[in-house]
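Going line by line, the protein sequences match chains A and B. Per the numbering used here, residue 1 is the first one in the first sequence, and the count goes up by one each step. Per the numbering used here, residue 203 is the first one in the second sequence, and the count goes up by one each step. Glycine included, each C-beta is placed from N, C-alpha and C at the ideal position. Accompanying notes for the structure given below.
Protein chains: 2
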Amino acid sequence: MVKQTFLNLSVEKQNKILTAAKEEFARASLKDASVANIIKKAGIPRGSFYQYFNDLEGIFYYLLEEHSKDVKKRLVDNLVKYKGDVTKSFIDLYQYILKKISKEENEAYFKNIFLNMDYKIEKMFLPNLEDNLNEIIQLIDITKLNIESRLQLIYVLEIIESVMMRNLIQVFQRSVSKEKNIEIFIKEMLLINSGIYKKGDN
Amino acid sequence: MVKQTFLNLSVEKQNKILTAAKEEFARASLKDASVANIIKKAGIPRGSFYQYFNDLEGIFYYLLEEHSKDVKKRLVDNLVKYKGDVTKSFIDLYQYILKKISKEENEAYFKNIFLNMDYKIEKMFLPNLEDNLNEIIQLIDITKLNIESRLQLIYVLEIIESVMMRNLIQVFQRSVSKEKNIEIFIKEMLLINSGIYKKGDN
DNA sequence: CACCTCAATGACAAAGTGTCATAAATATTA
DNA sequence: TAATATTTATGACACTTTGTCATTGAGGTG
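Pasting the structure below:
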């Protein structure tokens, strides 16, 4: 958890600490990173760190939250732009995230995050369906979807998010080009759209 | 990594250590568990532990491997039993895993695993598609599937595994009964089967 | 018995964690 | 302005854990 003390700090000092933290998380996963390294890089005493955050996780999730907000905003924008088309919105979102995590200055940082992505981090990273459900659901055009209830729409969103996340992780896991990776994601989305079973056989 | 020295030990001694480790991993996640606790519980000196395993992860993944083998066997059995029907095979597999992880004596252990499931653990836990692909693919009846290539079949399997895994995690994350959880998984499988888009609209 | 191989042992250095009492800085009030 | 209250800064400290390593012990073999 971030503490009020940190938020009271000048923006410059905040940034100095956040930058140091990001460097540390670019060097090592949450599991292997250390408070010791962050304070060394930021040039602050140990005690200060613990005035600002509860622990290492605190600053890790604080950093991650920025991206989370950004991703959610893009999804909402997309749903408006594509008039509620879920598939188009998520394919665009996928490309947006991919571009972001591939940026030179972010790559090592996101590599550590994605290769150690657990479901707590995933929940933080993606627009949290449980919290923002209503806002997102309202924007979706359900007339094209093969669903009969709000609950089924949630299932659809969860399936898409699962598939999206796994594909993003594979960016760092497999030696596949960005272009190929997008192609695979789109193909999987199309499979989900049309169904994996032959029509009529079900 | 497990070392040969451990495998040379008597089965009783091996079990004493594995039991202690399982207790520790029932108490805490991989991140929070400690070698110190395992050796205390097992009553072995510190040096011995490091003769048997490289580190904590070593024994963690060694334990997990047992389940991995078991799950893979069940999937193969299912594919035979259900004559290559992917959906039926995975729904049965899902129920099998759910039953196993809900067992009294396993619950705390699996809770820690699933709530801290990252993609490295996931890869270990599930029948590894990359390693066992051929064996599994051969058993699948593709005539019912809406696919045109071997590659698409892999996509289908990956989608199913993603969805399965997320639902398993939610057993421990959400306060939903086992029955309801199975129901949701089945509904999601049916959605994937028939497609999330209305037929003809695509 | 002498030798060899492999297992057992626990002291140790290194590294990190989170806390706490105290000092310093800043804000508030009289 | 001076006194007081609040907030922030600091680093020493106790504690926990890790992985190593030199030494000891046990069992088998020629």
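Do we get a CB-CB distance below 8 Å when we pair residue 188 of chain A with the residues of chain B?
To locate residue 188 of chain A, count along the first sequence from 1; it is residue 188. It does: the Cβ of residue 188 of chain A has a partner Cβ on chain B nearer than 8 Å.
Straight-line CA distance for residue 231 of chain B to residue 400 of chain B?
The sequence position of residue 231 of chain B within the second sequence is 29, counting from 1. The sequence position of residue 400 of chain B within the second sequence is 198, counting from 1. Straight across, the Cα-Cα distance linking residue 231 of chain B with residue 400 of chain B is about 43 Å.
Contact with chain B by residue 195 of chain A, beta-carbon distance below 8 Å
Your numbering for residue 195 of chain A matches position 195 in the first sequence. Interface residue, yes.
Three-state class that DSSP yields for residue 86 of chain A in the structure shown
If you number the first sequence from 1, residue 86 of chain A lands on position 86. Under the three-state reduction of DSSP, residue 86 of chain A is assigned to helix.
Are there 16 or more other CB atoms within 10 angstroms of the CB of residue 20 of chain A, so buried, or fewer, so exposed?
Here residue 20 of chain A corresponds to residue number 20 of the first sequence, with the count starting at 1. Its Cβ being crowded by 16 or more others within 10 Å, residue 20 of chain A is buried.
Can you check whether the C-beta of residue 166 of chain A is within less than 8 Å of a C-beta belonging to chain B?
As a position in the first sequence, residue 166 of chain A is number 166, starting the count at 1. Answer yes: the Cβ-Cβ gap between residue 166 of chain A and chain B drops below 8 Å somewhere.
Would you say residue 318 of chain B lies against chain A (beta-carbon separation less than 8 Å)?
Counted from its first residue, the second sequence places residue 318 of chain B at position 116. Closer than 8 Å to some Cβ of chain A, the Cβ of residue 318 of chain B qualifies, so yes.
What number of angstroms, rounded off, separates the C-alpha of residue 46 of chain A from the C-alpha of residue 107 of chain A?
As a first step, residue 46 of chain A must be located in the first sequence, where it is residue number 46. As a first step, residue 107 of chain A must be located in the first sequence, where it is residue number 107. Near 28 Å, if we compare the C-alpha coordinates of residue 107 of chain A and residue 46 of chain A.
Please confirm if the region 42-59 of chain A is in contact with the region 76-94 of chain A, defined as three or more CB-CB distances below 8 Å between the two stretches.
Result no; under three Cβ-Cβ pairs closer than 8 Å.
Is any beta-carbon of chain B found at less than 8 Å from that of residue 199 of chain A?
Here residue 199 of chain A refers to the residue found at position 199 when the first sequence is read from its first residue. Chain B contact via Cβ: present.
Just how far apart, CA to CA, sit residue 255 of chain B and residue 123 of chain A?
By one-based count along the second sequence, residue 255 of chain B stands at place 53. By one-based count along the first sequence, residue 123 of chain A stands at place 123. Approximately 33 Å, taken between the alpha carbons.
Residue 365 of chain B burial status per 10 Å Cβ neighbour count (16 or more: buried):
As a position in the second sequence, residue 365 of chain B is number 163, starting the count at 1. Counting Cβ neighbours within 10 Å, residue 365 of chain B comes out buried, since at least 16 surround it.
Have a look at A:150, A:190 and A:181 and flag the residue whose alpha-carbon is nearest the alpha-carbon of residue 97 of chain A.
Within the first sequence, residue 97 of chain A is the residue found at index 97, counting from 1. Out of A:150, A:190 and A:181, the CA that lies nearest to the CA of residue 97 of chain A is found in A:181.
If we ignore side chains and look at the alpha-carbon of each, how far apart do residue 62 of chain A and residue 119 of chain A end up?
By 1-based counting over the first sequence, the position of residue 62 of chain A is 62. By 1-based counting over the first sequence, the position of residue 119 of chain A is 119. When only Cα atoms are considered, residue 62 of chain A and residue 119 of chain A end up about 16 Å apart.
Spell out whether any CB of chain A is found under 8 Å from the CB atom of residue 210 of chain B.
Counted from its first residue, the second sequence places residue 210 of chain B at position 8. The beta carbon of residue 210 of chain B sits no closer than 8 Å to any beta carbon of chain A.
Less than 8 Å between CB atoms is the rule here; does residue 268 of chain B satisfy it with respect to chain A?
Here residue 268 of chain B refers to the residue found at position 66 when the second sequence is read from its first residue. By this cut-off, residue 268 of chain B is not an interface position.
By the 8 Å beta-carbon criterion, what residues does the region 132-150 of chain A contribute toward chain B?
Interface annotation for the region 132-150 of chain A against chain B: 144, 145, 146 and 147, criterion Cβ-Cβ distance under 8 Å.
Who are residue 197 of chain A's beta bridge partners in DSSP?
Along the first sequence, one-based indexing puts residue 197 of chain A at 197. Partner residues in the beta bridge of residue 197 of chain A, as assigned by DSSP, are B:347.
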